[in-house]
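Residue numbers (the numbering used here), protein chains in the order written: chain A, 428 to 827; chain C, 73 to 303.
Beta carbons: idealized from backbone N, C-alpha and C, even for Gly.
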């Protein structure tokens, strides 16, 4: 066994500064959008009384799920003893923190009153799953920070596996909590099922793995570090397996709704009659987000090429965003069935019709700003701390 | 006490007077302005505590239009209160009214997800959630004559379709109406136990549409005149 050498990103190249500038610009755009929304109110967004969570939440929930899933690389090494992933654990931990901070920043800045974040931190209603999530998110950042410290501090090495195990359990609970934000809602038909918790866990594994692969490959490429293809192949095999698992749970989700007569409207809406949501489901979520990546990843020749794996990961990320859009925006657009058996003649509240939503530029910019913040934190941390291994190879199994 | 409303769907004519009165009172009330968005624009909109729906029930000729005012139900087991992360939404123990502490609400919108009636609206200018207060600032106002200590919507209803009172008191008007007219709550299957009740429309008398031949003398005269004119 050889010891792993970690190095900072050199950060001297034009590409590094160009990326820094790009991310800073996106972050600036996001902050400007947040200021606009604070100044003019949510009236400038596409959100309304029916679609109360819009595009910023799609980005935020994606980042939160990815944050949980990205830690899986570190967990695989510490929980399942796959030493091959140990050199990547630091990057895994760092991304878990940065992605979560990016996601939470979007959530906070999208609040009606973001200045009252202090209220959320000082007043807790423990019957609310939202409150539990606030504690879970904050706890996750603290635990992964400690985990990262134990990984990087030689004196704390004996406690490193314990921290890893706690982080693993915590992230499972965290993603369960995120899924339960929707799973505990019985007022809206497309939700209110315990299945959303395992579905979100599976999605977190998919999103996290895809994001991790993209960042690992781009940082090794940008930092001109050796990247053993076999490690990437192992990771992409995991990605494909998680993707199949998530697809299976989506199928079970719809089968559950199809089983109950009064809930079949949900299945009809998403799969057949939902207009833009149906199109997005089949073309975006299933086609682009699952089938195309699976074809690319499992193809005997294409699946071995780094560029194709990169393309598949990008498809999964875009498809994942579309999946969350379909689930969250589509779920709100699905009309509330307040008066069964009655035909709506007119309503000043738009009852009985699929609610319209078109995201505004401010929302998109805020979401992109959160992504930029997450990447900026990761990039700067890789520049300041010894996060990335000097080379990522299968033979290099660390000893401390 | 369990204060709430009874709405008589048989009497409600869907005139929207209750919604307008609610808007007027609460805009000038202690809660502060209920924001209007582009009030003089092409599509004026704004925050409303009370909205009216118009439904068609049954098939012709046995159909009927039902006008349904809908505001916060002040549920016994209010899910909006349960899900509020900061505790800004709360249910008063003394009278059961569900309120929002405007100083604690951070506008996360999660309560709007939880309410199956769509009775909560984010004030998109102020950034906080708004909902029916049951005119709490007038029902306890000692400076008002006792008969005026009722929600604005109840006082203004021209058809007397809205009634306000204590559901805990079996002798109150609202309890009697619910008892005698078979008042029901909306979506009871969810288990939120709404306080507000609706009195169902009385059965409609079907419109006779059978092609029955009219044989009166007057009818025969009319037919003869018609024939004379048209030929």
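State buried or exposed for residue 299 of chain C, treating a residue as buried only when at least 16 other CB atoms are found within 10 Å of its CB.
-> As a first step, residue 299 of chain C is located in the second chain; it is residue number 227 there, counting from the start. When all chains shown are included, residue 299 of chain C counts as exposed.
Where the segment 761 to 786 of chain A meets chain C: residues whose CB sits under 7 angstroms from a CB there = Answer set for the segment 761 to 786 of chain A: 763, 765, 766, 769, 770, 771, 772, 773, 774, 775, 776, 778.
May I ask which residues mark the beginning and end of the beta strand (DSSP E) holding residue 163 of chain C?
-> Locating residue 163 of chain C in the second chain gives position 91, where the first residue counts as 1. Its beta strand (DSSP E) spans residues 161 to 163.
For the beta strand (DSSP E) containing residue 139 of chain C, list its first residue and its last residue.
-> In the second chain, residue 139 of chain C corresponds to position 67, counting from 1. Boundaries of the beta strand (DSSP E) harbouring residue 139 of chain C: 136 to 142, taken from the DSSP string.
Give the straight-line distance between the Cα atoms of residue 612 of chain A and residue 810 of chain A, rounded to the nearest whole angstrom.
-> Walking along the first chain from the start, residue 612 of chain A turns up at place 185. Walking along the first chain from the start, residue 810 of chain A turns up at place 383. Answer to the nearest angstrom: the Cα atoms are 43 angstroms apart.
What residues from chain A crowd round residue 176 of chain C, counting only those whose CB sits closer than 9 angstroms?
-> Within the second chain, numbered from 1, the residue matching residue 176 of chain C stands at position 104. Below the 9 angstroms Cβ cutoff, chain A contributes 543, 546, 550 as neighbours of residue 176 of chain C, in chain order.
Cα-Cα separation between residue 800 of chain A and residue 439 of chain A, rounded to whole angstroms = Residue 800 of chain A sits at position 373 when you count from the first residue of the first chain. Residue 439 of chain A sits at position 12 when you count from the first residue of the first chain. Looking at the two C-alpha atoms, the distance is approximately 21 angstroms.
Would you mind sorting residue 442 of chain A into buried or exposed? The rule is 16 or more other CB atoms within 10 Å of its CB.
-> Taking the first chain and counting its residues from 1, the one referred to as residue 442 of chain A is at position 15. By the 10 Å Cβ count, residue 442 of chain A comes out exposed.
With 16 as the cutoff for other CB atoms within 10 Å, does residue 644 of chain A come out buried or exposed?
-> As a working mapping, residue 644 of chain A is identified with position 217 in the first chain. By the 10 Å Cβ count, residue 644 of chain A comes out buried.
Are the beta-carbon atoms of residue 795 of chain A and residue 529 of chain A separated by less than 8 angstroms?
-> Indexing the first chain from 1 puts residue 795 of chain A at position 368. Indexing the first chain from 1 puts residue 529 of chain A at position 102. With respect to the 8 angstroms criterion, residue 795 of chain A and residue 529 of chain A are not classified as neighbours on the basis of their beta carbons.
Rounded to a whole number of angstroms, what is the C-alpha to C-alpha distance between residue 481 of chain A and residue 115 of chain C?
-> Stepping through the first chain from its first residue, residue 481 of chain A is reached at position 54. Stepping through the second chain from its first residue, residue 115 of chain C is reached at position 43. Rounded to the nearest angstrom, the two C-alpha atoms are 21 angstroms apart.
Shorter than 8 angstroms from the beta carbon of residue 360 of chain C to some beta carbon of chain A?
-> Given a span of 73 to 303 for chain C in the structure shown, any question on residue 360 of chain C remains unanswerable.
Would you kindly check if the distance between the Cβ of residue 771 of chain A and the Cβ of residue 125 of chain C is under 8 angstroms?
-> Working through the second chain from its first residue, we reach residue 125 of chain C at position 53. Working through the first chain from its first residue, we reach residue 771 of chain A at position 344. For residue 125 of chain C and residue 771 of chain A, yes; Cβs fall inside 8 angstroms.
Residue 462 of chain A at chain C interface by Cβ criterion, 8 angstroms | Position 35 of the first chain, counted from the first residue, corresponds to residue 462 of chain A. Closer than 8 angstroms: no.
Residue 191 of chain C and residue 143 of chain C closer than 8 angstroms at C-beta | The residue you call residue 191 of chain C lines up with position 119 of the second chain. The residue you call residue 143 of chain C lines up with position 71 of the second chain. Going by C-beta atoms, residue 191 of chain C is nearer than 8 angstroms to residue 143 of chain C.
Below 7 angstroms between beta carbons is the criterion; list the residues of the segment 559 to 576 of chain A that meet it against any residue of chain C, in chain order.
-> Those residues of the segment 559 to 576 of chain A placed with their C-beta closer than 7 angstroms to a C-beta in chain C are 561, ordered along the chain.
Of all Cβ atoms in chain A, is any one closer than 8 angstroms to the Cβ of residue 106 of chain C?
-> By 1-based counting over the second chain, the position of residue 106 of chain C is 34. No, residue 106 of chain C does not count as interfacial toward chain A.
Rounded distance between the beta-carbons of residue 646 of chain A and residue 493 of chain A, thought under 8 angstroms = By one-based count along the first chain, residue 493 of chain A stands at place 66. By one-based count along the first chain, residue 646 of chain A stands at place 219. Going by Cβ atoms, the distance from residue 493 of chain A to residue 646 of chain A rounds to 16 angstroms, so no, they are not a contact pair.
Cβ-Cβ separation, residue 273 of chain C to residue 82 of chain C (assumed contact under 8 angstroms), whole Å | By 1-based counting over the second chain, the position of residue 82 of chain C is 10. By 1-based counting over the second chain, the position of residue 273 of chain C is 201. Contact flag correct, Cβ pair sits at about 5 angstroms.
Which residues bound the alpha helix (DSSP H) around residue 253 of chain C?
-> Counted from its first residue, the second chain places residue 253 of chain C at position 181. 245 to 253 is the extent of the alpha helix (DSSP H) around residue 253 of chain C.
What do you reckon, are the CB atoms on residue 817 of chain A and residue 434 of chain A nearer than 8 angstroms?
-> Taking the first chain and counting its residues from 1, the one referred to as residue 817 of chain A is at position 390. Taking the first chain and counting its residues from 1, the one referred to as residue 434 of chain A is at position 7. Residue 434 of chain A is positioned such that its CB atom lies closer than 8 angstroms to that of residue 817 of chain A.
Reduced DSSP category for residue 201 of chain C - H, G, I as helix; E, B as strand; rest coil = Taking the first residue of the second chain as 1, we reach residue 201 of chain C at position 129. Strand, per DSSP.
Thinking just about the alpha-carbon of each residue, which of A/736, A/698, A/509, A/682 is nearest to the one in residue 724 of chain A?
-> Here residue 724 of chain A refers to the residue found at position 297 of the first chain. When only C-alpha atoms are compared, the closest one is A/736.
Residues from the segment 465 to 484 of chain A in contact with chain C, defined by Cβ distance under 7 angstroms | Listed by position along the chain: 468, 469, 470, 476, 479, 480.
Given that a residue counts as buried once 16 or more other Cβ atoms are within 10 Å of its Cβ, and exposed if not, what is residue 708 of chain A?
-> Position 281 of the first chain holds residue 708 of chain A. So residue 708 of chain A counts as buried.
At what residues does the alpha helix (DSSP H) containing residue 209 of chain C begin and finish?
-> As a first step, residue 209 of chain C must be located in the second chain, where it is residue number 137. Per DSSP, residue 209 of chain C is one residue of the alpha helix (DSSP H) stretching across 208 to 211.
For residue 193 of chain C, which residues does DSSP report across the bridge?
-> By one-based count along the second chain, residue 193 of chain C stands at place 121. In DSSP, residue 193 of chain C forms a bridge with C/202.
Any residues in the segment 670 to 704 of chain A with a beta carbon nearer than 7 angstroms to a beta carbon of chain C? Which ones, in chain order?
-> Residues of the segment 670 to 704 of chain A with a C-beta atom less than 7 angstroms from some C-beta of chain C do not occur.
Kindly list the residues whose CB is nearer than 6 angstroms to the CB of residue 537 of chain A, restricted to its own chain and excluding five residues on each side of it in sequence; keep chain order.
-> Residue 537 of chain A sits at position 110 when you count from the first residue of the first chain. Taking C-beta separations shorter than 6 angstroms and ignoring five residues to either side along the sequence, the partners of residue 537 of chain A in its chain run 483, following chain order.
Neighbourhood of residue 332 of chain C by C-beta, 7 angstroms cutoff - its chain only, sequence neighbours within 5 removed | Past the boundaries of the shown model lies residue 332 of chain C; chain C is included only from 73 to 303, so the question cannot be answered.
By the criterion of Cβ-Cβ separation under 7 angstroms, what are the contact partners of residue 196 of chain C in chain A?
-> Position 124 of the second chain holds residue 196 of chain C. Under the 7 angstroms cutoff, chain A gives 468, 469, 470.
Helix, strand or coil for residue 183 of chain C per DSSP?
-> If you number the second chain from 1, residue 183 of chain C lands on position 111. Residue 183 of chain C sits in a helix when the DSSP states are folded into three classes.
Nearest candidate by alpha-carbon position, reference residue 618 of chain A, set A/602, A/642, A/690, A/594 = For the purposes of this step, residue 618 of chain A is taken as residue 191 along the first chain, with counting starting at 1. Selected option, being the one with the closest Cα: A/690.
Which runs of the beta strand (DSSP E) spanning at least 3 residues fall entirely within the segment 91 to 122 of chain C, listed in chain order?
-> Counting only runs of 3 or more residues that sit fully inside the segment 91 to 122 of chain C, no beta strand (DSSP E) segment turns up.
Scan the segment 639 to 705 of chain A and note each continuous alpha helix (DSSP H) run of 4 residues or more that stays entirely inside, going in chain order.
-> Runs found: 656 to 686, 691 to 695.
Check the Cβ-Cβ distances between residue 539 of chain A and every residue of chain C, and say whether any is below 8 angstroms.
-> Residue mapping note: residue 539 of chain A aligns to position 112 of the first chain, counting from 1. It does; some Cβ of chain C falls within 8 angstroms.
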